[in-house]
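J.:
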Amino acid sequence: MSNEWPRKTIAECAADEPYSTQIGPFGKALTPEEYTPSGVPLLRGINVNHGRFYDDGFVFISEETADRLSKFESFPGDVLLVHKGTLGQIGIMPKNRKYHRYIMGNSMLRVKCNTTKLIPEYLYYWLCSDEGQHYLFSRVSQVGVPQIQKPLTTLREASLPVPPLSEQKAIAHILSSFDDKIELNRQMNETLEAMARAIFKSWFVDFDPVSAKRSGRQPAGMDTATADLFPDDFEESSLGLIPKGWKVGTLGEEIEIIKGKSYKSSELVPSSTALVTLKSFHRGGGYRPDGLKPYNGTYKPEQIIKPGELVVAYTDVTQAADVIGKPAIVKADERYNTLVASLDLGIIRVRNKNLNIAFLYYLFNQNDFQNHVYSHTNGSTVLHLSKDGIPSYEFCLPHSSLISKFEKIISPIFDFSNINWQESINITTLRDTLLPKLMSGQIRVKEAEKIMEKLT
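Per our numbering, the sequence shown starts with residue 88, numbered consecutively.
1. Using 8 angstroms as the cut-off, can you tell me whether the stretch 262–275 makes contact with the stretch 343–362, which would need three or more C-beta pairs spanning the two stretches below that distance?
2. If you count every other CB in all the chains shown that lies within 10 Å of the CB of residue 399, and 16 or more means buried, which is it?
3. Could you tell me the alpha carbon to alpha carbon distance between residue 143 and residue 134, rounded to whole angstroms?
4. Excluding the 5 residues preceding and the 5 following residue 163 in the sequence, name in chain order all residues of the same chain whose CB lies nearer than 7 angstroms to its CB.
5. I believe residue 334 touches residue 322 by the beta-carbon criterion, under 8 angstroms. Please report the beta-carbon distance rounded to the nearest angstrom.
6. Assign residue 55 to one of three DSSP states: helix, strand, or coil.
7. According to DSSP, is residue 164 helix, strand or coil?
8. Below 8 angstroms on the Cβ atoms is my guess for residue 316 versus residue 489; work out the distance and round it to an integer in Å.
9. Helix or strand or just coil, what does DSSP make of residue 121?
10. For the beta strand (DSSP E) containing residue 471, name the first residue and the last one.
11. Taking buried to mean at least 16 other C-beta atoms within 10 Å of its own C-beta, is residue 503 buried or exposed?
12. Please tell me whether residue 205 and residue 255 are closer than 9 angstroms, where the distance is taken between their beta carbons.
13. Check the DSSP bridge columns for residue 322 and list the partner residues they point to.
14. Between residue 208 and the rest of its own chain, which residues show a CB-CB distance below 6 angstroms, the 5 nearest in sequence each way excluded?
15. Along the beta strand (DSSP E) that carries residue 147, what are the first and last residues, could you check?
16. Can you give me the start and stop residues for the beta strand (DSSP E) that residue 189 sits inside?
17. Just the C-alpha distance for residue 477 and residue 188, rounded to the nearest angstrom, thanks.
18. I need the boundaries of the alpha helix (DSSP H) containing residue 491, first residue and last residue.
19. With 16 other CB atoms within 10 Å as the buried threshold, where does residue 506 fall?
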């Protein structure tokens, strides 16, 4: 059935207009000196991922500079790819957006489709497929910052199956329905995460219960037994005022950090073992299962990551420090028997039995910790976290009974989040199984719709 659908190159399916396939400005075409506090946003890798468009985190250029770079402007419906740095990130410029115009940064590629031949949503899913990703990554240079060699030529020469428009639209609809469910779970987990972070900040950063008791008030929304775990006054410390009886220490006194394993690209072959990599981190922290890389090389026993362990990114290629120092709690994955830390991250192991992973995870998410980490990085294009960056961080350590209480309170949040996460993994696996079969014509949309009905 696959021979019913001809293959065409992206160049053949691009809009019949100038710059329909375009790489962002490079070299002296745009320099950091031209960035401005506000104006026209510059698109970077941070703004596209998993089909989502992140309409924030921009650097800006002036309207005059944007006019000079008008051929790099991106319009609704453009398919956007990252060709340097955090490779494999793809998205579509939406119709509803904050700013009236956007200019591509130097790490971006763009395709404007001829919609009488190819719709953007179908192209997006092909680029996300195993075939599309293999095509792109087989042309990556590993010298320095990872980047696609001859990115514009590589993009234009990509060949994909092109079914009739009606079939393209139906396929895109089916696949986007899976993504909608995954996105709903992500939003639910984001809400749960915000709740847990708010509790941590109130208890261990702002010390709200202590302030309330000091003023003779019952801490808001807290039962008496929990309130009794907090002191009713403060005392001076090297960090300023802290709850009475709590102590100040460094992370180096409380934890051990195990650095991950360096590897060769030749070792990234199908295996029951996988590396947890930089791509396993969401921007801003949190775990991504799609960042795992099958691996058949050697490793030390201590570099094995058990589900539920905490890891931290030690390297960052995002150019905006969106990953370095960010934490993630690794989750079980039925696809692999063993997970191993890659060189770009560290495994956090607790020395002090009174500490736990939940407390450390939310401590590492605090702005104060992130600012400390950033001050201990070096590098321009690629950021590296220094060896003493995490161990030297000073923090306020509560009594063990309060740390245990915090873990008990947020455990249901973790459990519900894990249920959503596992459901999303199952949906993702099903979507990725159907994707190549739909695009090759091996199965038709009606068959996929029947499979979808079982999920709803």
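Using N, Cα and C, we set each Cβ at its ideal position, and we do this for glycine too.
T.: Inspection of the coordinates gives the following:
1. Contact between the stretch 262–275 and the stretch 343–362 is absent, because fewer than three Cβ pairs lie under 8 angstroms.
2. The residue labelled residue 399 in the question sits at position 312 within the sequence shown. Answer is buried; the Cβ neighbour count reaches 16.
3. Position 56 of the sequence shown, counting from 1, holds the residue named residue 143. Position 47 of the sequence shown, counting from 1, holds the residue named residue 134. So the alpha carbons of these two residues sit roughly 7 angstroms apart.
4. Residue 163 sits at position 76 when you count from the first residue of the sequence shown. Apart from the 5 residues on each side of it in sequence, residue 163 sits with its Cβ closer than 7 angstroms to the Cβ of 180, 181 and 182 in its chain, given in chain order.
5. On the sequence shown, residue 334 is found 247 positions in, with the first residue counted as 1. On the sequence shown, residue 322 is found 235 positions in, with the first residue counted as 1. The Cβ separation is near 10 angstroms, so there is no contact.
6. No answer is possible for residue 55: it lies beyond the span of the chain, which begins at 88 and ends at 543.
7. Walking along the sequence shown from the start, residue 164 turns up at place 77. In the structure shown, residue 164 sits in coil (DSSP, three-state: anything other than H, G, I, E or B).
8. Residue numbering aside, residue 316 sits at position 229 when the sequence shown is read from its first letter. Residue numbering aside, residue 489 sits at position 402 when the sequence shown is read from its first letter. So it is a contact: roughly 5 angstroms between Cβ atoms.
9. Along the sequence shown, one-based indexing puts residue 121 at 34. The three-state secondary structure of residue 121, taken from DSSP, is helix.
10. The residue you call residue 471 lines up with position 384 of the sequence shown. From DSSP, the beta strand (DSSP E) with residue 471 extends over 470–472.
11. By one-based count along the sequence shown, residue 503 stands at place 416. Within a 10 Å sphere around the beta-carbon of residue 503 sit fewer than 16 other beta-carbons, which makes this residue exposed.
12. Against the sequence shown, residue 205 aligns to sequence position 118. Against the sequence shown, residue 255 aligns to sequence position 168. Yes, the Cβ-Cβ distance between residue 205 and residue 255 is below 9 angstroms.
13. On the sequence shown, residue 322 is found 235 positions in, with the first residue counted as 1. Its beta-bridge partners are 329.
14. In the sequence shown, the residue the question calls residue 208 occupies position 121. For residue 208, where only same-chain residues beyond five positions count, the Cβ hits under 6 angstroms are 259.
15. In the sequence shown, the residue the question calls residue 147 occupies position 60. Element bounds for residue 147: 146–148.
16. Here residue 189 corresponds to residue number 102 of the sequence shown, with the count starting at 1. Run containing residue 189: 189–191, per the beta strand (DSSP E) assignment.
17. Looking up residue 477 in the sequence shown gives position 390. Looking up residue 188 in the sequence shown gives position 101. Their backbone Cα atoms lie some 40 angstroms apart in a straight line.
18. Along the sequence shown, read from residue 1 onward, the residue named residue 491 stands at position 404. Taken as a continuous stretch (DSSP letters only), the alpha helix (DSSP H) holding residue 491 covers 487–527.
19. The count along the sequence shown starts at 1 and reaches residue 506 at position 419. Classification of residue 506: exposed, given that the 10 Å Cβ count is below 16.
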